[in-house]
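*Asks:* Got a structure for you, written out below as structure tokens; questions coming shortly.
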Amino acid sequence: MNSTVVTNVSECFIKPFGPAQESNRICNLTPWDIRMLSMDYIQKGLLFKKPATLVHRQDFIENLLEKLKHSLSLTLFHFYPLAGHLVTNKDPSTYTIFVDCNNSHGARFIYATSDLTIFDILSPVDVPLVVQSFFGHQKAVNHDGHTMPLLSVKVTELLDGVFIGCSMNHAIGDGTSYWNFFNTWSEIFQAHAQGHEYGVPISRHPIHNRWFPDGCDPLINLPFKHHDEFITRFEAPELRKRIFHFSAESIAKLKARANSESKTTKISSFQSLSAHVWRCITRARQLPHDEVTSCILAMNNRPRMEPPLPHEYFGNCIGVVSAGTTVGELLENDLGWAAWKVHLAVANQNDRAVRHEVKEWLQRPMGYQLGVHFDSRSVTISSSPRFDMYGNEFGMGKAAAVLSGYANKFDGNVTSYPGSEGGGSIDLEVSISPEAMSLLESDEEFMEVVSVAISLH
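Right, here's the structure in full:
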């Protein structure tokens, strides 16, 4: 299977429903937002089964597309920065980047078709390469939002299913913001299906008042003359990408083991699983024992601020924490030892640490670089099983799977999702070298914790 089996049929642009407000014209970027400019767009999507009683395929898809477009327009009214574009203003003494929320074409909406089936997507051990074609903005970095839409929606019709994939500019929002948008879109779609045409009430209104530290000008002047000074493009090496499923029961046993070995009760389920994956991937890589390895976690800073930022805060509010040691120490010690290091890294990410990090960034602004900040000796865990992914419905019932695209994949990237059955189960999409993946699959300690040893189940 390759990308040629997905055919783009039509494309249009969707603008927010209703008139734009003058106060919504400009959205300034925070330090958290700006440092994402060299990263890729967020690419996540949901695979749905077509209704079993479907009779007229053409009527079904035309009706679905129309409802998706209309509900997307209503959703963009609330999430208006996604309909804008990035703007850079520069002169000999200033270099600033912001979002013009109004003067833009809107969000891109693509309809595509494929002769593939759900079985073709979900049955292979590895994530099929064709999944990358289910998303727009292929290989775009967030700085490309100057000329490309900040949001691209691609609806791919399979023979027996529909995939709804979104590519959202990561400089506009993080994973929490992404799934808040997706959840609201689903909520409005379902309300519209029940007869609510306009003015649909939503349960969580996005908050667009972006956070800046005291004394910081909301229009941050960057010490650059050209974007080549801070924007790079990363080409991932050959990787295998596989999704491993961990049941709630399996994770509970792992947590109990980690806490027992550390003689504590403070290590969480996710910290235990993260440490387990870190140790097993490191062992599979067969690295020299004197090399340094880290378990890096992308964390939501909202609840760690004082006062906390609300869950509805729309924008980036994530920090990166790291637990590091040598390969030898990691493998010679037990799971509890590694999990305790991960726990301490997470526990130390408090309001003081967050503000200190932002203060340091303002003194020396720079963005994350995939080829620099994430090395092939470490494991980086992103996304969250706490996000409401399977609660999204678009007239086709619960999704069969959550899938991601090409974006932000590198050796050692681990993307976390809730398991489809809920209850605390977790799916991890692991991206590592083919050689390391083969050894990981034969690692008894790792595989005995995996509940379903196939991908995309």
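Per my numbering, the very first residue in the sequence shown carries number -16; after that it's consecutive. Virtual Cβ for every residue (Gly too), placed ideally from N, Cα, C. What you are looking at is a predicted structure, and each value in this text was computed from that prediction instead of being measured.
1) Pull up the distance between the alpha-carbon of I301 and that of F195, whole angstroms please.
2) Using only alpha-carbon positions, find the residue among Q41, P290 and V260 that is nearest to M420.
3) Would you report the Cα separation of A322 and S255, rounded to the nearest angstrom?
4) Can you tell me whether DSSP reads D83 as helix, strand or coil?
5) Which stretch, first to last residue, makes up the alpha helix (DSSP H) that contains R369?
6) Give the single residue among K(-2), V82, K73 and T96 whose Cα lies nearest to the Cα of R40.
7) Could I get the ranges of all uninterrupted beta strand (DSSP E) runs contained in the stretch 261 to 295, with 3 residues as the minimum, in chain order?
8) Considering only their Cβ atoms, is the gap separating E221 from R360 smaller than 7 Å?
9) Could I get the ranges of all uninterrupted alpha helix (DSSP H) runs contained in the stretch 147 to 234, with 4 residues as the minimum, in chain order?
10) Quick one: is N(-9) buried, meaning 16 or more other Cβ sit within 10 Å of its Cβ, or exposed?
11) In this structure, does DSSP put K33 in helix, strand or coil?
12) With DSSP run on the structure shown, which of helix, strand or coil describes K342?
13) At the level of alpha carbons, what is the spacing between S438 and E428?
14) Taking the straight line between their C-alpha atoms, what separation do you get for G1 and R18?
15) With 16 other CB atoms within 10 Å as the buried threshold, where does A436 fall?
16) Would you say V362 and G311 are within 7 Å of each other, going by their C-beta atoms?
17) Which residues share a DSSP beta bridge with Q26?
18) What would DSSP say about G407, mapped onto helix, strand or coil?
19) DSSP three-state call for S438: helix, strand or coil?
20) Taking the C-alpha atoms as reference points, what is the distance between H126 and K324?
21) Select from S277, C84 and D371 the residue whose C-alpha is nearest the C-alpha of L29.
22) By alpha-carbon positions, which one of L313, C199, V341 and I(-3) ends up nearest to S277?
23) Per the DSSP calculation, H68 is bridged to which residue(s)?
*Replies:* Reading off the structure:
1) The count along the sequence shown starts at 1 and reaches residue 301 at position 318. The count along the sequence shown starts at 1 and reaches residue 195 at position 212. For I301 and F195, the distance between alpha carbons rounds to 14 Å.
2) To locate residue 420, count along the sequence shown from 1; it is residue 437. Nearest of Q41, P290 and V260 to M420, Cα basis: V260.
3) Locating residue 322 in the sequence shown gives position 339, counting from the first residue. Locating residue 255 in the sequence shown gives position 272, counting from the first residue. Their Cα atoms are separated by approximately 5 Å.
4) Your numbering for residue 83 matches position 100 in the sequence shown. The answer is strand: DSSP assigns D83 an E or B state.
5) On the sequence shown, position 386 is the one that residue 369 refers to. It is not in any alpha helix (DSSP H) - R369 carries neither H nor E in the DSSP assignment.
6) Stepping through the sequence shown from its first residue, residue 40 is reached at position 57. Comparing Cα-Cα distances from R40 to each of K(-2), V82, K73 and T96, the minimum goes to T96.
7) 275 to 283
8) For the purposes of this step, residue 360 is taken as residue 377 along the sequence shown, with counting starting at 1. For the purposes of this step, residue 221 is taken as residue 238 along the sequence shown, with counting starting at 1. Not closer than 7 Å, so no.
9) 158 to 176
10) Here residue -9 is taken as the residue at index 8 of the sequence shown, counted from 1. So N(-9) counts as exposed.
11) Here residue 33 refers to the residue found at position 50 of the sequence shown. If DSSP states are grouped into helix, strand and coil, K33 belongs with coil.
12) The count along the sequence shown starts at 1 and reaches residue 342 at position 359. If DSSP states are grouped into helix, strand and coil, K342 belongs with the helices.
13) Numbered from its first residue, the sequence shown carries residue 438 at position 455. Numbered from its first residue, the sequence shown carries residue 428 at position 445. Its pLDDT being 40, under 50, S438 is placed unreliably by the model, and the measurement read from it follows with that caveat. Cα to Cα, S438 sits roughly 18 Å from E428.
14) As a first step, residue 1 is located in the sequence shown; it is residue number 18 there, counting from the start. As a first step, residue 18 is located in the sequence shown; it is residue number 35 there, counting from the start. Whole-angstrom Cα-Cα distance: 32 Å.
15) Translated into the one-based positions of the sequence shown, residue 436 becomes position 453. Interpretation of A436 is limited by its pLDDT of 37, a score under 50 that renders its predicted location unreliable; the figure taken from the coordinates is listed afterwards. Classification of A436: exposed, given that the 10 Å Cβ count is below 16.
16) The residue given as residue 362 occupies position 379 in the sequence shown. The residue given as residue 311 occupies position 328 in the sequence shown. No, the pair does not count as a contact, with Cβ atoms beyond the cut-off.
17) The residue given as residue 26 occupies position 43 in the sequence shown. The partner list for Q26 (beta bridge, DSSP) reads S150.
18) Against the sequence shown, residue 407 aligns to sequence position 424. Three-state DSSP puts G407 in coil, outside helix and strand.
19) Walking along the sequence shown from the start, residue 438 turns up at place 455. With a pLDDT of 40 at S438, under the threshold of 50, the modelled position of that residue is not reliable, and the figure given next carries that caveat. Note: S438 maps to coil in three-state DSSP.
20) Numbered from 1 along the sequence shown, position 143 holds the residue referred to as residue 126. Numbered from 1 along the sequence shown, position 341 holds the residue referred to as residue 324. If you take the alpha carbons of H126 and K324, they lie about 35 Å apart.
21) Locating residue 29 in the sequence shown gives position 46, where the first residue counts as 1. With distances taken between Cα atoms, L29 lies closest to D371.
22) Walking along the sequence shown from the start, residue 277 turns up at place 294. Checking every option, the nearest Cα to that of S277 belongs to L313.
23) Here the question's residue 68 lines up with position 85 in the sequence shown. Partner(s): D83.
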